[in-house]
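Chemist:
There are 2 protein chains.
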Amino acid sequence: MATKQQRLPREVRERQMIDAAVRVFSRSGYHTASVEEIAEAAGISKPMVYIYLGSKERLFTACIHREADRVVEAVRAAVHADEPPELGLWSGLRVFFRFVADNRDSWAVLYQHARTQGEPFAQEVSEARRRVIEEITRMVVAGTRLGGGERIVTERDAEILARIAIGAADSLSDWLLEHPEESPDGLIDRVTNLALVGVDRYTTGDIQPS
Amino acid sequence: MATKQQRLPREVRERQMIDAAVRVFSRSGYHTASVEEIAEAAGISKPMVYIYLGSKERLFTACIHREADRVVEAVRAAVHADEPPELGLWSGLRVFFRFVADNRDSWAVLYQHARTQGEPFAQEVSEARRRVIEEITRMVVAGTRLGGGERIVTERDAEILARIAIGAADSLSDWLLEHPEESPDGLIDRVTNLALVGVDRYTTGDIQPS
């Protein structure tokens, strides 16, 4: 066993540890989870875990970072560069809600819980959010540039749209986790329906924004 | 001075302490602020502060609660029961951004900072958010009920709209504080403009949500 462990490259070993840590933290929460439990779940000795990732705190931070990468990757893969940014926003939102629903336990611990647990976890979550905001801003800027380089949405407004999207996604993902009887696609249908009611009321002259 | 202090009713004394505490926490942050500083700013002895509010932690919690009441009150006052809920949402959003901009320092400490600082502060912030969500849900439900009691938006969809509104408001208020060169009304103009671009693109058939 010891010999076999030594043959694995560092990144493979780290990935095993983080996979195990995500499972253990999701099941037990940050405070209850122990490095021993994680080492056991990873099939690695406890001293080895300390050598690789230093401490329970650093393990948890690595989990937040890795799961944030996964969600960014999933959203990015769902959005195609050649579609209008509004469609991209819907596709991104749909994939995001599916991710949250499929990773219910890890999301509750690594995002919802971590963002309220003080430093360094809140900082790590906040940086992950920033990466997503930048990604959406780039997408909106790229998707709303017309032929001659002219823009229908300024870069600053694209940033605003990204903030609205992430704020809404965030808040709706909390709602989704509080309502296990609802599905990600059902939530998207509800949001679509509200958007259409809104468009309808604007265009029939019932209301004017101001 | 001691005699004069004793004549004040408890709620007046508490209000003085909380006013002073909001100023001191906003200026110094939670960790640096001391109960001595707060007592001095309130013109009250330090033992008296402990008698009334128990600890720095309880003082801070009382500040979060009081400022949350203020923001809920300001938003409620801006929204009229007889206007369509979309107009109510815009009015509420405008007043909310003004509140944040006018109370920049206290907002940064009592909301942005508090929500990431673990219990009991994150809990207090989360309850304040819940009160606002309930308020918006009630407003949307009341405003979209037609003559015969029929609804164009279900109660559950009203809740979704409230979550979108609070998530977006939250995320945009962070943006506003990061951009001191922007004004609350300017931000509302940007959001309005984005909504109109969106409505325009939907109604001209450029895009379809799905």
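These protein sequences, in sequence, are chains A and B. Residue numbers for the first sequence follow the UniProt record's numbering, beginning at 1 and rising by one. Residue numbers for the second sequence follow the UniProt record's numbering, beginning at 1 and rising by one. Quick reminder that beta carbons are idealized off the backbone N, C-alpha and C, glycines included. In this text, all values refer to a predicted model and were calculated from it rather than measured experimentally.
Listed in chain order, which residues of the region 31-62 of chain B have Cβ atoms closer than 8 angstroms to some Cβ of chain A?
Modeler: Correct list: empty, as no residue qualifies.
Chemist: Return the Cβ separation of residue 197 of chain B and residue 153 of chain A in integer angstroms, given the expectation that the two are a contact with Cβ distance under 8 angstroms.
Modeler: Sure, about 6 angstroms apart at Cβ, within 8 angstroms.
Chemist: Going along the region 171-187 of chain A in order, which residues come within less than 8 angstroms of chain B, judged by CB to CB distance?
Modeler: From the region 171-187 of chain A, only 171, 172, 174, 175, 187 have a Cβ closer than 8 angstroms to chain B.
Chemist: Could one say the Cβ of residue 137 of chain B lies closer than 8 angstroms to chain A's Cβ atoms, at least one of them?
Modeler: Taking Cβ atoms only, chain A never reaches closer than 8 angstroms to residue 137 of chain B, which makes this a no.
Chemist: The alpha helix (DSSP H) with residue 12 of chain B in it runs from where to where?
Modeler: Here the alpha helix (DSSP H) through residue 12 of chain B covers 10-32.
Chemist: Tell me the rounded alpha-carbon separation between residue 176 of chain A and residue 66 of chain A.
Modeler: Roughly 22 angstroms separates the two Cα atoms.
Chemist: Out of B/36, B/128, B/157, which has the shortest C-alpha to C-alpha gap to residue 62 of chain B?
Modeler: Of the listed residues, the one whose Cα sits closest to residue 62 of chain B is B/128.
Chemist: When you compare only the Cα positions, how much space is there between residue 140 of chain B and residue 78 of chain B?
Modeler: Cα-Cα distance, rounded: 14 angstroms.
Chemist: If you measure between the beta carbons of residue 49 of chain A and residue 39 of chain A, is that distance less than 8 angstroms?
Modeler: Closer than 8 angstroms, so yes.
Chemist: Give the range of the alpha helix (DSSP H) segment to which residue 108 of chain A is assigned.
Modeler: Run containing residue 108 of chain A: none; DSSP gives neither H nor E here.
Chemist: Would a C-beta distance cut-off of 8 angstroms place residue 106 of chain A and residue 28 of chain A closer than the cut-off?
Modeler: It is not a contact, given that the beta carbons lie outside the stated cut-off.
Chemist: Which residue spans inside the region 64-144 of chain B form an unbroken beta strand (DSSP E) run of at least 3?
Modeler: DSSP runs (the beta strand (DSSP E)) wholly in the region 64-144 of chain B: none.
Chemist: Would you kindly check if the distance between the Cβ of residue 172 of chain A and the Cβ of residue 167 of chain B is under 8 angstroms?
Modeler: It is a contact, given that the beta carbons lie within the stated cut-off.
Chemist: Measuring only from the beta carbon, is residue 183 of chain A closer than 7 angstroms to any heavy atom that is part of the ligand PLP?
Modeler: The ligand PLP is absent from the structure shown, which contains no ligands of any kind.
Chemist: From this set, B/158, B/111, B/90, which residue's C-alpha is nearest residue 194 of chain A's C-alpha?
Modeler: For residue 194 of chain A, the nearest C-alpha among the options comes from B/158.
Chemist: Residue 157 of chain A touches chain B at which residues, Cβ-Cβ below 8 angstroms?
Modeler: Here the neighbours are 190, 193, 194.
Chemist: Looking at chain B, which residues of the region 80-95 of chain A have a Cβ within less than 7 angstroms of any of its Cβ atoms?
Modeler: Cβ contacts with chain B: 84, 86, 87, 90.
Chemist: State yes or no: is the beta carbon of residue 143 of chain B nearer than 8 angstroms to at least one beta carbon in chain A?
Modeler: No, residue 143 of chain B lies away from the interface with chain A (no Cβ there is under 8 angstroms from its Cβ).
Chemist: So residue 178 of chain A is in the alpha helix (DSSP H); what residue range does that whole segment cover?
Modeler: Looking at the DSSP string, the run of the alpha helix (DSSP H) that includes residue 178 of chain A is 155-178.
Chemist: Going along chain B in order, which residues have a C-beta closer than 8 angstroms to the C-beta of residue 235 of chain A?
Modeler: No information on residue 235 of chain A is available, as it lies outside the stretch 1 to 210 that chain A covers here.
Chemist: Inspect the beta-carbon positions of residue 132 of chain B and residue 114 of chain B and report whether they are closer than 8 angstroms.
Modeler: No.
Chemist: List the residues of chain A that residue 197 of chain B touches, going by C-beta distances under 8 angstroms, in chain order.
Modeler: In chain order: 152, 153.
Chemist: At a CB-CB cut-off below 7 angstroms, which residues of chain B make contact with residue 122 of chain A?
Modeler: Here the neighbours are 116.
Chemist: Using a Cβ-Cβ cutoff of less than 7 angstroms, which residues in the same chain neighbour residue 23 of chain B once the five nearest sequence positions on both sides are dropped?
Modeler: So the list reads 41, once near-sequence residues are dropped.
Chemist: Answer with yes or no whether the minimum CB distance from residue 101 of chain A to chain B is below 8 angstroms.
Modeler: Taking Cβ atoms only, chain B never reaches closer than 8 angstroms to residue 101 of chain A, which makes this a no.
Chemist: Residue 44 of chain B and residue 16 of chain B - do their beta-carbons sit closer together than 8 angstroms?
Modeler: Closer than 8 angstroms, so yes.
Chemist: Using the beta-carbon of each residue, which ones in chain B are nearer than 9 angstroms to residue 64 of chain A?
Modeler: Within 9 angstroms Cβ-Cβ: nothing; residue 64 of chain A doesn't reach chain B, min ~13 angstroms.
Chemist: Nearest by alpha-carbon distance to residue 55 of chain A: which of A/35, A/70, A/74 is it?
Modeler: The option with the nearest alpha carbon to residue 55 of chain A is A/35.
Chemist: Check whether chain A comes within 8 angstroms of residue 161 of chain B, counting only Cβ atoms and requiring the distance to be less than that.
Modeler: At least one chain A Cβ lies under 8 angstroms of residue 161 of chain B.
Chemist: Under 8 angstroms, Cβ to Cβ, is there at least one residue of chain B near residue 15 of chain A?
Modeler: By this cut-off, residue 15 of chain A is not an interface position.
Chemist: Taking residue 200 of chain A as the reference, which of B/180, B/86, B/80 has the closest Cα?
Modeler: If we check each option's Cα against that of residue 200 of chain A, B/86 comes out closest.
Chemist: Ordered along the chain, which non-local residues of its own chain (more than five positions away) have a Cβ less than 6 angstroms from that of residue 75 of chain A?
Modeler: 92, 95, 96, listed in sequence order.
Chemist: Would a C-beta distance cut-off of 8 angstroms place residue 117 of chain A and residue 186 of chain B closer than the cut-off?
Modeler: Not a contact, by the Cβ cut-off of 8 angstroms.
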